[in-house]
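Protein sequences appear in the order of chains V and H. Residue numbers in the first sequence follow my numbering, run continuously in steps of one, and reach 130 at the last position. Residue numbers in the second sequence follow my numbering, run continuously in steps of one, and reach 130 at the last position. Below is one structure, written out as structure tokens, with a few remarks after it.
There are 2 protein chains.
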Amino acid sequence: MIFDPTTDDRLDRAFAALSDPVRRGIIARLSRGQATVNELAEPFEITKQAVSKHIQVLEQAELVTRTRDAQRRPVHLNAARLEAMTAWIDRYRLVHEQQYRRLDAVLETIDGADGAATQGKEEK
Amino acid sequence: MIFDPTTDDRLDRAFAALSDPVRRGIIARLSRGQATVNELAEPFEITKQAVSKHIQVLEQAELVTRTRDAQRRPVHLNAARLEAMTAWIDRYRLVHEQQYRRLDAVLETIDGADGAATQGKEEK
DNA sequence: ATGATAGTCAATCATATGGTTGATAAAAGA
DNA sequence: TCTTTTATCAACCATATGATTGACTATCAT
Chain V
7 MIFDPTTDDR LDRAFAALSD PVRRGIIARL SRGQATVNEL AEPFEITKQA
57 VSKHIQVLEQ AELVTRTRDA QRRPVHLNAA RLEAMTAWID RYRLVHEQQY
107 RRLDAVLETI DGADGAATQG KEEK
Chain H
7 MIFDPTTDDR LDRAFAALSD PVRRGIIARL SRGQATVNEL AEPFEITKQA
57 VSKHIQVLEQ AELVTRTRDA QRRPVHLNAA RLEAMTAWID RYRLVHEQQY
107 RRLDAVLETI DGADGAATQG KEEK
């Protein structure tokens with residue numbers, strides 16, 4: 007064990023939060039500006055209570071924050087957490103891409119050798 | 007209802023897949039090149055069967071693919087799906103950012119007004 | 001004070017998820 | 001053939017998740 011940011015509870019929650027279409031819909035809506043629970047619930051066919059729960063999930067994932075406005079509880083997007091997610095993904099996308107370049111380079115070096123090179127399994 | 011890519015079953019699975027630290031560990035490992043189930047299971051304290059299930063989850067999310075090599079079933083990263091995830095996130099990050107710029111522009115137009123403008127909430 | 005508006009809390013339910021153990025399949029090695 | 005290696009299948013269990021209904025709290029409007 008003892009990994010890198012791979013073992014990060016906050017990422018667990020962030021990714022889990024975005025695995026639901028309702029919550030992604032909420033995030034999409036909030037990207038255009040804050041909204042109340044009622045406003046967020048309107049496009050969906052589920053109860054307001056269910057949407058309220060979804061918002062709590064997003065809040066625990068720190069993807070959104072809430073303020074007060076009389077009886078309203080406007081919800082705001084926290085873009086910093088979205089950024090943390092892409093940072094994680096891009097990190098490994100980049101490693102993978104570089105790994106490919108490295109393989110390409112190797113194949114290019116061999117070059118003149120037998121054509122069987124393309125099927126090769128590269129060692130770690 | 008009837009949203010954009012927000013209602014995409016493949017995204018559901020992709021985000022759900024990355025919500026588990028074991029599966030993120032597997033992705034991290036695969037970014038450095040293909041690996042067998044045993045190799046992938048080695049760093050974790052859970053059974054090989056459990057890891058096998060995790061790989062199936064990643065496979066259904068299309069984040070990895072599998073080939074054959076005798077009794078081995080090497081697992082490979084599918085970076086295209088990672089890219090689809092960042093594409094979704096970045097789309098709304100961008101909208102949100104532009105929304106901010108728009109707000110900034112408005113505040114700048116008002117300008118001469120009270121200096122309270124700077125109190126707006128800055129991210130990260 | 002009364003009532004409407006906005007939202008949460010609590011109990012409940014069905015299904016999904018992550019893990020286990022034990023049995024089995026498939027290919028390689030002897 | 002018999003054994004080892006690699007991996008999956010099957011049954012099972014505990015907990016988490018998404019949704020519902022009904023009751024409740026808090027704030028605003030008259």
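Cβ coordinates follow ideal geometry from the N, Cα and C atoms, glycine included. Note that the coordinates shown come from a computational prediction; the quantities given were computed from them, not determined experimentally.
A Cβ-Cβ separation of about 7 Å places residue 89(V) in contact with residue 99(H) under the 8 Å criterion. The Cβ-Cβ distance between residue 46(V) and residue 81(V) falls below 8 Å. For residue 60(H), no Cβ of chain V is located within less than 8 Å of the residue's own Cβ. Non-local C-beta neighbours of residue 37(H) in its own chain, meaning closer than 8 Å and more than five positions away in sequence, comprise 83, ordered along the chain. Counting C-beta atoms within 10 angstroms of its own C-beta, residue 35(H) has 16 or more neighbours from the protein chains shown and is therefore classed as buried. When rounded, the separation of the alpha-carbon atoms in residue 20(V) and residue 27(H) is 12 Å. A straight line joining the alpha-carbon of residue 33(V) with that of residue 63(H) spans about 25 Å. Interface residue (Cβ-Cβ distance to chain V less than 8 Å): residue 77(H) is not classified as such.
CA-to-CA, the gap between residue 70(H) and residue 29(H) works out to about 11 Å.
For a Cβ distance threshold of 7 Å, residue set 102 of chain V lies close to residue 83(H), ordered along the chain.
DSSP places residue 75(H) in the strand class (E or B) of the three-state scheme. In the DSSP secondary-structure assignment, residue 81(V) is bridged to 41(V) and 72(V).
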